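Each protein sequence line maps, in turn, to chains Z and P.
For the first sequence, the working numbering assigns the number 74 to the last residue and increments by one with no breaks.
For the second sequence, the working numbering assigns the number 212 to the last residue and increments by one with no breaks.
All remarks here apply to the structure that follows.
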Amino acid sequence: MSRLIRMDSTGHSTLAEWSAADAAAADAAVRAFREQLDQGYYAVVSQGEGHAEQVRELPLDAELVILRRPIAGG
Amino acid sequence: MSAAALPELAGVAWRPRADERSLRRRERLWTLTTVAHAIPFVATAGLLCAISPVLIPVALLALVQAWTIPALYARRGAFVVAPRRRGDAAAERTALGLLGDLVGHDARALHARTGLVLERGRLGVWLVGEAGALLVRGGRGTTSRRVLCWCVRVPAPDLPSSDRIAHLLLALREDEAGFATVANLAFAGARWRVRRRLPRPVREALDVAART
Numbered sequence: 001m002s003r004l005i006r007m008d009s010t011g012h013s014t015l016a017e018w019s020a021a022d023a024a025a026a027d028a029a030v031r032a033f034r035e036q037l038d039q040g041y042y043a044v045v046s047q048g049e050g051h052a053e054q055v056r057e058l059p060l061d062a063e064l065v066i067l068r069r070p071i072a073g074g
Numbered sequence: 001m002s003a004a005a006l007p008e009l010a011g012v013a014w015r016p017r018a019d020e021r022s023l024r025r026r027e028r029l030w031t032l033t034t035v036a037h038a039i040p041f042v043a044t045a046g047l048l049c050a051i052s053p054v055l056i057p058v059a060l061l062a063l064v065q066a067w068t069i070p071a072l073y074a075r076r077g078a079f080v081v082a083p084r085r086r087g088d089a090a091a092e093r094t095a096l097g098l099l100g101d102l103v104g105h106d107a108r109a110l111h112a113r114t115g116l117v118l119e120r121g122r123l124g125v126w127l128v129g130e131a132g133a134l135l136v137r138g139g140r141g142t143t144s145r146r147v148l149c150w151c152v153r154v155p156a157p158d159l160p161s162s163d164r165i166a167h168l169l170l171a172l173r174e175d176e177a178g179f180a181t182v183a184n185l186a187f188a189g190a191r192w193r194v195r196r197r198l199p200r201p202v203r204e205a206l207d208v209a210a211r212t
């Protein structure tokens, strides 16, 4: 089961869960993903130490897609 | 680190992208600045001693100034990884779980002890905190390492501590050079200068990074 999560004030919230076999869940995940991107979130797939990829389309084969806010110099 | 550029770079388009060469240049500039701050006071102290032994107390004050000014800069650098106020305990636990999933066992254990996450990069070894990061560079050893202190944060005060670290860690993993470009450099200098200004538990993280 793949998950789309957003880091927020609760720690994180799961916005969508889907599997390759469930097209309706995948469609709902894609909609939730686009909604969050429209709100200014960036989507990242972590690939272990030293590697993460920002994605602009929901990778349906990814296990975990994390939504983060933009960072800035302090 | 991944090759794609960090989207936040659009907000600092005037900055040249950080690389090995630019970091070395900034390290040297900080060393020159430190020397430039100290030399006038040291010279004044020497001159006062030469004029009259009666002026030795004033000369000592000048030497204290020569020591204090670089120390204040180092303190500012160390402050970027100072622990911040914790929020809701349940949210902190949830966020810690996610951060734990993003890092390996050793990094997880180090974070539990020091509050910083260690991440190896091409530019050096990073220690990522809630509102900043330290980049440890240079050859291995106890004295040869230099530290660059970066002020960088996610502007969302409602986020739990571990989520703030996770934000910075993911951005760093996406684009290390971009991360160093977006972040503001608060200090660069010898490791010992920063180490003595860090809270005691955090010093261990710096020692581990220097050995890595």
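Where is the CB? At the ideal position from N, CA and C, for every residue including glycine.
Everything numeric in this text was worked out from a predicted model, so none of it was measured.
For residue i, name the three-state secondary structure that DSSP assigns.
| i | result |
| --- | --- |
| residue 173 of chain P | helix |
| residue 80 of chain P | coil |
| residue 114 of chain P | helix |
| residue 2 of chain Z | strand |
| residue 142 of chain P | For residue 142 of chain P, the predicted model reports a pLDDT of 47, less than 50, meaning its position is unreliable and no value from the coordinates is stated. |
| residue 58 of chain P | helix |
| residue 224 of chain P | With chain P running from 1 to 212 in the structure shown, residue 224 of chain P is simply not present. |
| residue 87 of chain P | coil |
| residue 158 of chain P | coil |
| residue 185 of chain P | strand |
| residue 31 of chain P | helix |
| residue 103 of chain P | coil |
| residue 19 of chain P | coil |
| residue 16 of chain Z | strand |
| residue 126 of chain P | strand |
| residue 24 of chain P | helix |
| residue 121 of chain P | coil |
| residue 195 of chain P | helix |
| residue 46 of chain P | helix |
| residue 74 of chain P | helix |
| residue 241 of chain P | The structure shown does not extend to residue 241 of chain P, since chain P spans only 1 to 212, so no value can be given for it. |
| residue 6 of chain P | coil |
| residue 190 of chain P | strand |
Between which residues of its own chain and residue i is the CB-CB distance below 8 Å, once the five residues before and five after are set aside?
| i | result |
| --- | --- |
| residue 69 of chain Z | 7, 40, 41, 42 |
| residue 92 of chain P | 86, 160, 161, 162 |
| residue 16 of chain P | 22, 181 |
| residue 172 of chain P | 1, 119, 121, 126, 128, 133, 179 |
Using 10 angstroms around the beta-carbon of residue i, count the other beta-carbons present and answer buried if the total reaches 16, otherwise exposed.
| i | result |
| --- | --- |
| residue 181 of chain P | buried |
| residue 174 of chain P | buried |
| residue 57 of chain Z | exposed |
| residue 94 of chain P | buried |
| residue 90 of chain Z | Missing from the structure shown is residue 90 of chain Z; chain Z here goes from 1 to 74 and no further. |
| residue 35 of chain Z | exposed |
| residue 45 of chain P | buried |
| residue 152 of chain P | buried |
| residue 51 of chain Z | exposed |
| residue 32 of chain P | exposed |
| residue 63 of chain Z | exposed |
| residue 165 of chain P | buried |
| residue 14 of chain P | exposed |
| residue 105 of chain P | exposed |
| residue 39 of chain P | exposed |
If you drop the 5 nearest sequence neighbours on each side, which residues of the same chain put their C-beta closer than 7 Å to that of residue i?
| i | result |
| --- | --- |
| residue 41 of chain P | 62, 63, 65, 66 |
| residue 12 of chain P | 181, 182 |
| residue 203 of chain P | 195 |
| residue 197 of chain P | 74, 75, 78 |
| residue 58 of chain P | 48 |
| residue 26 of chain Z | 18, 60 |
| residue 26 of chain P | 185, 188 |
| residue 205 of chain P | 110, 114, 116, 118, 127 |
| residue 190 of chain P | 146 |
| residue 29 of chain Z | 4, 16, 18, 58 |
| residue 102 of chain P | 166, 169 |
| residue 19 of chain P | 177 |
Going by beta carbon distance, what residues of the same chain come within less than 6 Å of residue i, once the five residues before and after it are set aside?
| i | result |
| --- | --- |
| residue 108 of chain P | 100 |
| residue 137 of chain P | 124, 146 |
| residue 14 of chain Z | 3, 5 |
| residue 83 of chain P | 115 |
| residue 7 of chain P | none |
| residue 201 of chain P | 114 |
Chain A partners of residue i, CB-CB under 8 Å?
| i | result |
| --- | --- |
| residue 93 of chain P | Judged by its chain identifiers, the structure shown contains no chain A, and its protein chains are Z and P. |
Is any non-hydrogen atom of the ligand SAH found closer than 7 Å to the C-beta of residue i, if you look at the structure I gave you?
| i | result |
| --- | --- |
| residue 42 of chain P | The ligand SAH is absent from the structure shown, which contains no ligand whatsoever. |
| message | Give the list of continuous beta strand (DSSP E) stretches no shorter than 3 residues that lie fully inside the region 21-68 of chain Z. | response | Runs of the beta strand (DSSP E) inside the region 21-68 of chain Z: 42-46, 52-55, 64-68.
| Which of the residues in the region 41-58 of chain Z, read from start to end, lie with their CB under 7 Å from any CB of chain P? | If the cut-off is 7 Å between Cβ atoms, the region 41-58 of chain Z has 42, 44, 46, 49, 50, 51, 52, 53, 54 near chain P.
| Using Cβ-Cβ distances below 7 Å, what residues of the region 149-178 of chain P are close to chain Z? | For the region 149-178 of chain P, which is checked against every Cβ of chain Z, the residues closer than 7 Å are 151, 152, 153, 154, 155, 156, 158, 159, 160, 163, 166, 167, 168, 170, 171, 173, 174.
| said: Short of 8 Å Cβ to Cβ, which residues in the region 4-15 of chain Z face chain P? | reply: Cβ contacts with chain P come from 5, 7, 8, 9, 10, 11, 12.
| message | Under 7 Å, CB to CB, which of the residues in the region 58-69 of chain Z have a partner in chain P? | response | Taking 7 Å as the upper bound on Cβ-Cβ separation, chain P lies near residues 66, 68, 69 of the region 58-69 of chain Z.
| request: Residues of the region 94-109 of chain P with a CB closer than 9 Å to any CB of chain Z: list them in chain order, please. | output: Identification of residues in the region 94-109 of chain P having a C-beta nearer than 9 Å to some C-beta of chain Z yields 94, 95, 96, 97, 98, 101, 102, 103, 104, 107, given in sequence order.
| request: Name, going along the chain, the residues of the region 16-32 of chain Z whose beta-carbon falls closer than 8 Å to a beta-carbon of chain P. | output: Under the 8 Å Cβ criterion, the region 16-32 of chain Z contributes no residue.
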